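Those protein sequence lines, which keep their order, are chains A and B.
Residue numbering for the first sequence follows this note's numbering, starting at 1 and increasing by one per position.
Residue numbering for the second sequence follows this note's numbering, starting at 1001 and increasing by one per position.
The next block holds one structure in the form of C-alpha cells; read it before the comments.
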Amino acid sequence: MVDLRTPLGSEVLDLHAGDLVALSGRIYTARDEAHLRMLEEGIPFNPHGAAVYHCGPIVEGTRIVAAGPTTSARMNRLTEFLLDAGVRALIGKGGMSPEVVEQLRGRGVYLAFTGGCAALAAARMRYAGIYFEDLGMAEAIWAFELDRLPLTVGIDAHGGDLFGEVLARARMKCQGLW
Amino acid sequence: MMHDPADPRLLEAIASATEQALFTAETRLPEDVKEVISRARARETNPVALREFGTIWENMMIAERARVPLCQDTGVPVLYITIPPDIPLTEGLYKALAEGVRRATYNVPLRPNVVDPLTRKNRGDNVGNGMPAVHVRPGDHLRITVLPKGAGAENTSRIVMLLPSEKEKIPEVVAETVCLAGGRPCPPVVLGVGIGGTFDLAAALAKEALLLPIDSMDPYEQHICDRVNILGIGPMGLGGDTTALAVKVQQADCHTASLPVAVNVQCWAHRRATVEVEIPW
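This is how it looks when you write it as C-alpha cells:
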C-alpha cells in the first residue's frame, strides 16, 4: 500500500496499474457540467498537482452524506485540458478511453474508487469549499479534504491500463465461448 | 366493503410506508444480497478484487450504522404495489406514492435524479412525468416494494429479439451484455433476465426478476451465471473471479415467431425493500 498526499508530484509516475494506494489531502469533484464550465471559464482551483474526482455527491449544508464515484468514461473527451494544466490524478470508476491512457503517459494516473461505496467515501472526507454552486449539488465542483481513501491504480503513467487488459481478456473469452 | 379511496388516513399511511421502504432500501442491503456478496468474497482469489470486496463490505457497514445511503446514486424510484380487493386503485393512491418519494428525497436524503428527458430540467424531488414508475398487482395485503435503480447499471441493460430457433443463444446474449458493459455497471452485477412475452413485457420481466431472492438459483440461472463469470471482469472491471453475483430469470409466453430476451443489469448495491401498509382502521 502506497500513501499519497496532494498536491501530487512525480511520485505518481512510479505507480503501476494494480497498485493499491491510500490518498489524503485536497481533491476536487467534477462531472460533465463542471468540465464544460471549466473549458469555458477556466479552472477555479490551483490545478498544479491536483486530483480531480468524478463524483456528484449528496451534501447537506457542509455535511457530506454520500460521495462515491461516477462513471469516468463520460469525461473521456473533456479531460485533456486538466492534464495540460498540471492535474496529476483522476479518480473515478470504470476507467477511461485509450486516448486518456495516452494523455496520462508521463504525467499522471487514474485511480479507481469502488463504485457504490459512497458512505465509506463520505466517512473519509470533510467539506473544504465549493465552486460553480449554481450547477446544482451533483454537478458543482466540491473541494473535499481526504483522509486515506483506498484506491487502486487503474491506469498508470506508462500506458498500463488494468481496465483495458481485463476487458480485452473478457472479449476474447466472450468470442471463444461459442 | 370498499374503503373510501380519498380517506386521508389511508393516503398518509401509503406515503409514510413508501418513504420508509425507500429509507430501508437506500441504507441497508437485503440479507440475501449480503449473503451472496459474502460468499463471493470468500471465494475470490484476485488480490485487487479482494480489496474491492473489502471496501464494499466496509461501505455497507458504515451505511447501516450511520443510516446514510450506500451510494450517492440513489437511483430513480421504481415501485411495485400489491393491493387487496377492498382498496380501490385511484389517482389518489398514485399521488400518495409520489408524496412518499418526495418525502424520502428530503429526509433520507436522496439525490434528485429525475429530470425531463429532453430539457434535462430537474424539479428537485424525484417526482415527475411517469416517475415514480408504479407497477400494480392484486394481492392479499397492501404492500409497497421499492427498487431504486441507479443509472450506471441501468444504462448497460439490453433487449434482443432472437429468432425462435435461437434459444441456445440466450446465455450468449447475457454474457455479451456484461462484456459490453465492462466496469460501467459497478460489477459484481445481479442480472435480471426476461424471456418471452413481447418487446415491452420482456423488459418488465427482466426488472421483476430482480425482485426475486438471489441467494439461490435454478440450474438454468446457474448455467448463465457461470458463463458470465468466465469473463473475469470482476468487481469494478478491475478483474476477478466474480463478475455476476446472481442471475434470475422470469418468463412469459410469446408469439410463435418471436423470442424476446431482455437483460436488466443491476449493480452490486442491489437495493430493494418491502413495507406492508398498516391500514389505519
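The beta-carbon is built from N, C-alpha and C at its ideal position, and this holds for glycine as well.
No experiment lies behind these values; they were computed from the predicted model shown.
Interface flag, residue i vs chain A, CB-CB below 8 angstroms
i: Glu-1221 of chain B; result: no
i: Asn-1122 of chain B; result: yes
i: Met-1236 of chain B; result: yes
i: Ile-1056 of chain B; result: yes
i: Leu-1070 of chain B; result: yes
i: Gly-1000 of chain B; result: Given that chain B is displayed from residue 1001 to residue 1281, the structure contains no residue 1000 of chain B and the question cannot be resolved.
i: Cys-1225 of chain B; result: no
i: Trp-1268 of chain B; result: yes
i: Gly-1152 of chain B; result: yes
i: Ala-1066 of chain B; result: yes
i: Ile-1214 of chain B; result: no
i: Ala-1273 of chain B; result: no
Residue i versus residue j: straight-line alpha-carbon distance, rounded
i: Gly-56 of chain A; j: Glu-139 of chain A; result: 6 angstroms
i: Cys-1225 of chain B; j: Leu-1245 of chain B; result: 8 angstroms
i: Val-1127 of chain B; j: Ile-1037 of chain B; result: 32 angstroms
i: Pro-150 of chain A; j: Tyr-1080 of chain B; result: 37 angstroms
i: Gly-106 of chain A; j: Asp-147 of chain A; result: 26 angstroms
i: Met-1217 of chain B; j: Lys-1248 of chain B; result: 7 angstroms
i: Gly-164 of chain A; j: His-1135 of chain B; result: 39 angstroms
i: Met-1061 of chain B; j: Glu-1044 of chain B; result: 20 angstroms
i: Val-153 of chain A; j: Glu-1058 of chain B; result: 20 angstroms
i: Phe-144 of chain A; j: Ala-128 of chain A; result: 5 angstroms
i: Glu-80 of chain A; j: Arg-1123 of chain B; result: 33 angstroms
i: Leu-4 of chain A; j: Leu-23 of chain A; result: 5 angstroms
i: Gln-1072 of chain B; j: Val-100 of chain A; result: 25 angstroms
i: Arg-37 of chain A; j: Ile-43 of chain A; result: 9 angstroms
i: Pro-1008 of chain B; j: Pro-1213 of chain B; result: 34 angstroms
i: His-1003 of chain B; j: Val-1146 of chain B; result: 24 angstroms
i: Asp-1253 of chain B; j: Thr-1119 of chain B; result: 38 angstroms
i: Ile-58 of chain A; j: Gly-1130 of chain B; result: 24 angstroms
i: Glu-1035 of chain B; j: Pro-1187 of chain B; result: 16 angstroms
i: Pro-7 of chain A; j: Lys-1095 of chain B; result: 50 angstroms
i: Thr-1198 of chain B; j: Glu-1166 of chain B; result: 16 angstroms
i: Pro-1132 of chain B; j: Leu-1097 of chain B; result: 8 angstroms
i: Gln-1266 of chain B; j: Asp-156 of chain A; result: 29 angstroms
i: Glu-60 of chain A; j: Ala-122 of chain A; result: 12 angstroms
i: Lys-1169 of chain B; j: Asn-1155 of chain B; result: 22 angstroms
i: Thr-1027 of chain B; j: Ala-1104 of chain B; result: 12 angstroms
i: Val-2 of chain A; j: Leu-1010 of chain B; result: 57 angstroms
i: Thr-1055 of chain B; j: Val-1277 of chain B; result: 35 angstroms
Cutoff 8 angstroms: residue i Cβ touching any chain B Cβ
i: Pro-57 of chain A; result: yes
i: Val-21 of chain A; result: no
i: Glu-40 of chain A; result: no
i: Val-65 of chain A; result: yes
i: Glu-60 of chain A; result: yes
i: Ala-179 of chain A; result: The first residue shown for chain A is 1 and the last is 178, placing residue 179 of chain A beyond what the model contains.
i: Gly-95 of chain A; result: yes
i: Gly-92 of chain A; result: no
i: Thr-6 of chain A; result: no
i: Leu-162 of chain A; result: yes
i: Ala-51 of chain A; result: no
i: Gly-115 of chain A; result: yes
i: Gly-68 of chain A; result: yes
Reference residue i, options the options, closest by Cα
i: Ser-72 of chain A; options: A:Leu-111, A:Leu-146 and A:Gln-103; result: A:Leu-111
i: Ala-1006 of chain B; options: B:Glu-1091, B:Thr-1018 and B:Thr-1055; result: B:Glu-1091
i: Gln-964 of chain B; options: B:Leu-1201, B:Gly-1234 and B:Val-1228; result: Lying before the first or after the last residue shown, residue 964 of chain B is absent from chain B, which here runs from 1001 to 1281.
i: Ala-1273 of chain B; options: B:Lys-1121, B:Phe-1023, B:Ile-1014 and B:Ala-1153; result: B:Phe-1023
i: Trp-1268 of chain B; options: B:Gly-1192, B:Glu-1278, B:Ala-1257 and B:Arg-1103; result: B:Gly-1192
i: Ala-1021 of chain B; options: B:Leu-1238, B:Gln-1266, B:Arg-1102 and B:Ala-1066; result: B:Arg-1102
i: Ala-1013 of chain B; options: B:Asn-1046, B:Val-1114, B:Arg-1041 and B:Leu-1142; result: B:Leu-1142
i: Ser-10 of chain A; options: A:Ala-119, A:Gly-176, A:Asp-19 and A:Val-109; result: A:Val-109
heavy atom of the ligand MN below 7 angstroms from residue i C-beta
i: Leu-1118 of chain B; result: The model depicted lacks the ligand MN and carries no ligand whatsoever.
Counting only runs of 4+ residues fully inside the stretch 58-138 of chain A, write out the alpha helix (DSSP H) ranges in chain order.
Taking only runs of at least 4 residues, the alpha helix (DSSP H) segments lying wholly in the stretch 58-138 of chain A are 80-84, 98-104 and 118-123.
If the cut-off is 8 angstroms on Cβ atoms, which residues from the stretch 1191-1210 of chain B count as contacting chain A, listed in chain order?
Within the stretch 1191-1210 of chain B, no residue qualifies.
With 7 angstroms as the limit, tell me which residues of the stretch 1158-1183 of chain B have their beta carbon closer than that to any beta carbon of chain A; keep them in chain order.
If the cut-off is 7 angstroms between Cβ atoms, the stretch 1158-1183 of chain B has Glu-1172, Ala-1175, Glu-1176, Cys-1179, Gly-1182 and Gly-1183 near chain A.
What are the residues in the stretch 143-159 of chain A lying within 9 angstroms of chain B by C-beta distance?
Taking a C-beta cut-off of 9 angstroms against chain B, the contacting residues of the stretch 143-159 of chain A are Pro-150, Thr-152 and Gly-154, listed in chain order.
Short-range partners of chain B found in the stretch 70-88 of chain A, where Cβ spacing is below 8 angstroms
From the stretch 70-88 of chain A, only Thr-70, Thr-71 and Ala-73 have a Cβ closer than 8 angstroms to chain B.
Unbroken stretches of the beta strand (DSSP E), 3 residues or longer, contained in the stretch 1110-1140 of chain B:
Qualifying beta strand (DSSP E) stretches, in chain order: 1133-1138.
Going along the stretch 117-144 of chain A in order, which residues come within less than 9 angstroms of chain B, judged by CB to CB distance?
Listed in sequence order: Cys-117, Ala-118, Ala-119, Leu-120, Ala-121, Ala-122, Ala-123, Gly-136, Met-137 and Ala-138.
Please list the residues of the stretch 1230-1263 of chain B that have a C-beta atom closer than 9 angstroms to any C-beta atom in chain A, keeping them in chain order.
Taking 9 angstroms as the Cβ-Cβ cut-off against chain A, the residues of the stretch 1230-1263 of chain B that qualify are Ile-1230, Leu-1231, Gly-1232, Ile-1233, Gly-1234, Pro-1235, Met-1236, Gly-1237, Leu-1238, Gly-1239, Gly-1240 and Thr-1243.
Taking Cβ-Cβ distances below 8 angstroms as the criterion, which residues of the stretch 12-37 of chain A are in contact with chain B?
So the list reads Gly-18 and Leu-20, given in the order they occur along the chain.
What are the residues in the stretch 1021-1054 of chain B lying within 7 angstroms of chain A by C-beta distance?
Residues passing the 7 angstroms Cβ filter: Val-1048, Arg-1051 and Glu-1052.
Could you list the residues in the stretch 1103-1120 of chain B with a C-beta less than 7 angstroms from some C-beta on chain A, going in chain order?
Flagged, chain order: Pro-1109 and Arg-1111.
Within the stretch 1196-1238 of chain B, ranges of the alpha helix (DSSP H) (whole runs, at least 4 residues)
Scanning the stretch 1196-1238 of chain B from its first residue to its last, the whole alpha helix (DSSP H) runs of 4-plus residues come out as 1199-1209 and 1219-1229.
Where in the stretch 1056-1091 of chain B do unbroken runs of the beta strand (DSSP E), each at least 3 residues long, occur, reported from the N-terminal end onward?
Counting only runs of 3+ residues, the beta strand (DSSP E) found wholly inside the stretch 1056-1091 of chain B occupies 1078-1083, in chain order.
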